[in-house]
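Engineer: Handing you this structure, nothing more for now.
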Amino acid sequence: DRPQFQRLREIKQLGVSYRVFVSASHNRFEHCLGVAHLAGELARHLQQQQPELKITDRDVSCVELAGLCHDLGHGPWSHVWDNMFIPAVLPGVKWSHEEASEMMFDDLIATNNISIPREDVDFIKDLIRGAPNHSKPEKPFLFEIVANRRNGIDVDKFDYIQRDTKAIGLGHSFDTKSIIDSARVIGDEICYNIKMANNLFEICYTRFSLHKRIYNHKTARAIELMIIDALKLAEPHMKIAQRIRDPKKYLHLTDNIMQSIKMSEEACLEQTRHLFWRIDTRDLYRCVDFKAYDWQFYDRLREWFTEEAIVKKAKELYNPETDDVTQELVDKLDKSHVIVDICRMHYGMKEHNPLDSVRFYSKRNTKGMNPLHNRGDSSTLMPSCFGECLIRVYTRDPE
Numbered sequence: 218d219r220p221q222f223q224r225l226r227e228i229k230q231l232g233v234s235y236r237v238f239v240s241a242s243h244n245r246f247e248h249c250l251g252v253a254h255l256a257g258e259l260a261r262h263l264q265q266q267q268p269e270l271k272i273t274d275r276d277v278s279c280v281e282l283a284g285l286c287h288d289l290g291h292g293p294w295s296h297v298w299d300n301m302f303i304p305a306v307l308p309g310v311k312w313s314h315e316e317a318s319e320m321m322f323d324d325l326i327a328t329n330n331i332s333i334p335r336e337d338v339d340f341i342k343d344l345i346r347g348a349p350n351h352s353k354p355e356k357p358f359l360f361e362i363v364a365n366r367r368n369g370i371d372v373d374k375f376d377y378i379q380r381d382t383k384a385i386g387l388g389h390s391f392d393t394k395s396i397i398d399s400a401r402v403i404g405d406e407i408c409y410n411i412k413m414a415n416n417l418f419e420i421c422y423t424r425f426s427l428h429k430r431i432y433n434h435k436t437a438r439a440i441e442l443m444i445i446d447a448l449k450l451a452e453p454h455m456k457i458a459q460r461i462r463d464p465k466k467y468l469h470l471t472d473n474i475m476q477s478i479k480m481s482e483e484a485c486l487e488q489t490r491h492l493f494w495r496i497d498t499r500d501l502y503r504c505v506d507f508k509a510y511d512w513q514f515y516d517r518l519r520e521w522f523t524e525e526a527i528v529k530k531a532k533e534l535y536n537p538e539t540d541d542v543t544q545e546l547v548d549k550l551d552k553s554h555v556i557v558d559i560c561r562m563h564y565g566m567k568e569h570n571p572l573d574s575v576r577f578y579s580k581r582n583t584k585g586m587n588p589l590h591n592r593g594d595s596s597t598l599m600p601s602c603f604g605e606c607l608i609r610v611y612t613r614d615p616e
């Protein structure tokens with residue numbers, strides 16, 4: 218019940234996807250509550266089932282707090298802010314919403330005079346980051362609960378996949394409770410019963426499917442591109458991006474920034490207001506064409522498919538006898554009318570199979586093994602590719 222956390226009520230979990238999938242109205246607020254709950258469930262399960270790990274109640278509380286606060290740093294429209302806007306207006310600046318979460322967590326504690334040991338604060342921030350900042354931790358497996366850098370199997374993913382699929386009516390076919398109940402620490406990492414291999418694969422596949430069908434939906438992406446253009450026009454006057462280092466100013470950066478700009482009367486924001494008006498009236502950027510490519514072509518796609526290259530090729534291919542476009546419009550076409558959008562989508566570990574980095578145990582091997590080194594250990598139907606690039610060409614002008 219503090220402003221630093223309550224602001225998450227004003228940030229849509231799926232960003233602008235809400236404008237395409239109208240039931241996706243859930244916010245970062247409830248997602249963080251869900252992650253805190255699941256983080257506590259997994260930590261307590263390990264504490265009760267493996268007392269030799271010496272997990273304390275204090276450890277469990279820190280893990281829960283990390284889950285609760287892991288998304289404090291999200292900006293307007295969630296990943297639109299950190300994946301698109303910040304890189305566009307602050308190129309070369311190293312910044313992430315996880316870094317902002319740590320900043321907002323520090324501010325939450327300082328502003329509200331919350332009494333918590335400094336070592337716990339540092340521990341919680343490390344748990345949010347998914348890695349210790351300094352020396353090797355005594356219980357490294359705890360860092361795999363909220364943000365698992367080893368294989369991406371963590372309670373953050375458990376919650377958002379369940380929550381997002383339910384919100385948009387897709388459903389899912391994995392059982393989080395069974396996964397948590399099968400968790401066991403072997404060595405220094407969290408492992409799972411071999412019976413959970415297909416369950417975990419379903420999580421990874423569902424993640425990819427959500428990115429392909431929902432998060433990167435062509436219309437949602439068009440709206441995101443329009444928002445980025447609008448905010449870039451507003452940036453010289455509002456200095457929005459400069460607020461990422463100031464928790465007091467960042468506190469008020471939510472999805473409501475669109476409404477604030479629409480209500481403004483400054484002449485310098487007229488172009489921004491016009492783009493927001495186009496969004497509201499569904500006069501959106503149009504997807505002209507798209508194609509999927511293998512993951513390894515990403516760098517070459519960025520090199521080959523530029524706005525200039527698209528315009529040049531369009532003019533070369535123009536045929537006045539067969540194309541329903543006038544020569545005048547073709548002559549007017551330039552790179553400012555075109556956006557080349559390249560998205561990378563994967564199962565959670567870029568081009569790699571996440572399950573290759575998960576250790577499993579069984580009745581015959583209680584010390585942990587990897588079942589996917591040999592075909593048939595888990596399934597004979599495992600994909601050969603786990604990531605792809607999707608390139609789309611949009612036009613800013615419907616004509």
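Under this note's numbering, read the sequence shown as residues 218 to 616, first letter to last. Using N, Cα and C, we set each Cβ at its ideal position, and we do this for glycine too. Nothing here was measured: the structure is a model prediction, and the numbers come from that model.
Which residue marks the beginning of the alpha helix (DSSP H) containing K394, and which one marks its end?
Structural biologist: Position 177 of the sequence shown, counted from the first residue, corresponds to residue 394. Where K394 is concerned, the enclosing alpha helix (DSSP H) stretches over T393 to S399.
Engineer: Use the C-beta contact count for M480: other C-beta atoms within 10 angstroms, 16 or more gives buried, fewer gives exposed.
Structural biologist: Taking the sequence shown and counting its residues from 1, the one referred to as residue 480 is at position 263. Burial call: exposed.
Engineer: What is the C-beta distance between L417 and K356, in whole angstroms, given that I count them as a contact (C-beta under 8 Å)?
Structural biologist: Here residue 417 is taken as the residue at index 200 of the sequence shown, counted from 1. Here residue 356 is taken as the residue at index 139 of the sequence shown, counted from 1. L417 to K356, Cβ: 22 Å. No contact.
Engineer: Using 8 Å as the threshold, is the C-beta distance between C286 and I341 below it?
Structural biologist: Sequence index remark: in the sequence shown, residue 286 carries index 69 (1-based). Sequence index remark: in the sequence shown, residue 341 carries index 124 (1-based). Yes, the pair counts as a contact, with Cβ atoms nearer than the cut-off.
Engineer: Less than 8 Å between CB atoms is the rule here; does L468 satisfy it with respect to chain B?
Structural biologist: The structure shown contains no chain B, having only a single protein chain.
Engineer: Taking only three categories from DSSP, how would you classify D500?
Structural biologist: By 1-based counting over the sequence shown, the position of residue 500 is 283. DSSP places D500 in coil when its eight states are reduced to three.
Engineer: May I ask you to list the residues that DSSP assigns as paired with Y510?
Structural biologist: Here residue 510 is taken as the residue at index 293 of the sequence shown, counted from 1. DSSP output for Y510 lists C606 as bridge partner(s).
Engineer: Kindly indicate the opening and closing residues of the beta strand (DSSP E) around C408.
Structural biologist: Numbered from 1 along the sequence shown, position 191 holds the residue referred to as residue 408. Start and end: E406 to N410.
Engineer: Pick helix, strand or coil for I445, following the three-state DSSP scheme.
Structural biologist: Locating residue 445 in the sequence shown gives position 228, counting from the first residue. Here I445 sits in helix by DSSP.
Engineer: Starting from the C-beta of N536, find all residues in its chain whose C-beta is less than 8 Å away, skip the five residues before and the five after it, and write them out in chain order.
Structural biologist: Looking up residue 536 in the sequence shown gives position 319. Correct list: empty, nothing qualifies.
Engineer: Measuring CA to CA, which of E336, R609 and P308 is closest to K508?
Structural biologist: Position 291 of the sequence shown, counted from the start, is the residue given in the question as residue 508. If we check each option's Cα against that of K508, R609 comes out closest.
Engineer: If you measure between the beta carbons of I440 and V233, is that distance less than 8 Å?
Structural biologist: For the purposes of this step, residue 440 is identified with residue 223 of the sequence shown, where counting begins at 1. For the purposes of this step, residue 233 is identified with residue 16 of the sequence shown, where counting begins at 1. Cβ distance < 8 Å, so I440 and V233 count as in contact.
Engineer: What is the residue span of the alpha helix (DSSP H) that G562 lies within?
Structural biologist: By 1-based counting over the sequence shown, the position of residue 562 is 345. Looking at the sequence itself, residue 562 is Met, so the reference to Gly does not match. Looking at the DSSP string, M562 is not in any alpha helix (DSSP H); the run it does join, the beta strand (DSSP E), is V555 to H563.
Engineer: So, do the stretch 515–529 and the stretch 552–564 have three or more beta carbon pairs nearer to each other than 8 Å?
Structural biologist: Flag = yes, the stretch 515–529 and the stretch 552–564 touch.
Engineer: According to DSSP, simplified to helix, strand and coil, what is H254?
Structural biologist: Start at 1 with the first residue of the sequence shown, and residue 254 comes out as number 37. Helix, per DSSP.
Engineer: Alpha carbon to alpha carbon, what distance is there between S601 and Y377?
Structural biologist: Here residue 377 corresponds to residue number 160 of the sequence shown, with the count starting at 1. Here residue 601 corresponds to residue number 384 of the sequence shown, with the count starting at 1. Distance between the alpha carbons of Y377 and S601: 26 Å.
Engineer: Applying the criterion that 16 or more other CB atoms from any shown protein chain within 10 Å of the CB defines a buried residue, is Q266 buried or exposed?
Structural biologist: For the purposes of this step, residue 266 is identified with residue 49 of the sequence shown, where counting begins at 1. The residue is exposed, with fewer than 16 neighbouring Cβ atoms inside 10 Å.
Engineer: By the DSSP assignment, the alpha helix (DSSP H) with V547 in it spans what residues?
Structural biologist: In the sequence shown, counting from the first residue as 1, residue 547 sits at position 330. Run containing V547: Q544 to K549, per the alpha helix (DSSP H) assignment.
Engineer: Can you give me the Cβ contacts of D614 inside the same chain, cut-off strictly under 7 Å, excluding the 5 residues immediately before and after it?
Structural biologist: In the sequence shown, residue 614 corresponds to position 397, counting from 1. For D614, where only same-chain residues beyond five positions count, the Cβ hits under 7 Å are H554.
Engineer: When burial is assigned at 16 or more other CB atoms within 10 Å of the CB, is H248 buried or exposed?
Structural biologist: Here residue 248 refers to the residue found at position 31 when the sequence shown is read from its first residue. It is buried - the Cβ of H248 has at least 16 other Cβ atoms within 10 Å.
Engineer: If we call anything under 8 Å between Cβ atoms a contact, is T489 one with A458?
Structural biologist: Here the question's residue 489 lines up with position 272 in the sequence shown. Here the question's residue 458 lines up with position 241 in the sequence shown. Not closer than 8 Å, so no.
Engineer: Please classify D566: does DSSP put it in a helix, a strand, or coil?
Structural biologist: Within the sequence shown, residue 566 is the residue found at index 349, counting from 1. According to the sequence displayed, residue 566 carries Met and not Asp. Reduced to three states, the DSSP call for M566 is strand.
Engineer: Could you check how far apart the C-beta atoms of L486 and A451 are, in whole angstroms? I think they sit under 8 Å.
Structural biologist: Residue 486 sits at position 269 when you count from the first residue of the sequence shown. Residue 451 sits at position 234 when you count from the first residue of the sequence shown. Contact holds; Cβ gap of about 6 Å.
Engineer: What is the DSSP secondary structure of G232, reduced to helix, strand or coil?
Structural biologist: For the purposes of this step, residue 232 is taken as residue 15 along the sequence shown, with counting starting at 1. Helix, per DSSP.
Engineer: Report the option in I403, K374, R460 and D276 whose CA atom is closest to the CA atom of L307.
Structural biologist: As a working note, residue 307 is residue 90 in the sequence shown. Checked all of I403, K374, R460 and D276; the closest Cα to L307 is R460.
Engineer: Using DSSP with H/G/I as helix, E/B as strand and the rest coil, what is V180?
Structural biologist: Given a span of 218 to 616 for the chain in the structure shown, any question on residue 180 remains unanswerable.
Engineer: Nearest-angstrom Cα distance between T523 and T498?
Structural biologist: To locate residue 523, count along the sequence shown from 1; it is residue 306. To locate residue 498, count along the sequence shown from 1; it is residue 281. Roughly 29 Å between the two C-alpha positions.
Engineer: Restricting to Cα atoms, I'd like to know which of S278, M599, A484 and M321 is closest to H291.
Structural biologist: Taking the sequence shown and counting its residues from 1, the one referred to as residue 291 is at position 74. When each option's Cα is compared against that of H291, the closest is M321.
Engineer: Looking only at its chain, what residues have a beta carbon closer than 7 Å to the beta carbon of F493, apart from the 5 residues adjacent to it on each side?
Structural biologist: What you label residue 493 is simply residue 276 of the sequence shown in a count that begins at 1. So the qualifying residues of the chain are A447, M475, I478 and K479.
Engineer: If you drop the 5 nearest sequence neighbours on each side, which residues of the same chain put their C-beta closer than 6 Å to that of H454?
Structural biologist: Walking along the sequence shown from the start, residue 454 turns up at place 237. Excluding positions up to five away in sequence, the list reads C485.
Engineer: So M566 packs on N368, CB below 8 Å; how close in whole Å?
Structural biologist: Reading the sequence shown from its first residue, position 349 is the one you call residue 566. Reading the sequence shown from its first residue, position 151 is the one you call residue 368. At roughly 6 Å, the Cβ-Cβ gap stays under 8 Å, so M566 and N368 are in contact.
Engineer: Which residue marks the beginning of the alpha helix (DSSP H) containing H314, and which one marks its end?
Structural biologist: Along the sequence shown, read from residue 1 onward, the residue named residue 314 stands at position 97. From DSSP, the alpha helix (DSSP H) with H314 extends over H314 to T328.
Engineer: State buried or exposed for A327, treating a residue as buried only when at least 16 other CB atoms are found within 10 Å of its CB.
Structural biologist: By one-based count along the sequence shown, residue 327 stands at place 110. Result: exposed.
Engineer: Per DSSP, what are the beta-bridge partners of T489 in this structure?
Structural biologist: Taking the sequence shown and counting its residues from 1, the one referred to as residue 489 is at position 272. Paired residue(s): none; T489 is not in a bridge.
Engineer: Please report how far the alpha carbon of V277 lies from the alpha carbon of A531, in whole angstroms.
Structural biologist: Locating residue 277 in the sequence shown gives position 60, where the first residue counts as 1. Locating residue 531 in the sequence shown gives position 314, where the first residue counts as 1. Those two C-alpha atoms are separated by around 59 Å.
Engineer: Should A400 and L289 be called a contact, given that it needs their Cβ atoms to be closer than 8 Å?
Structural biologist: Locating residue 400 in the sequence shown gives position 183, where the first residue counts as 1. Locating residue 289 in the sequence shown gives position 72, where the first residue counts as 1. No. Outside cutoff.
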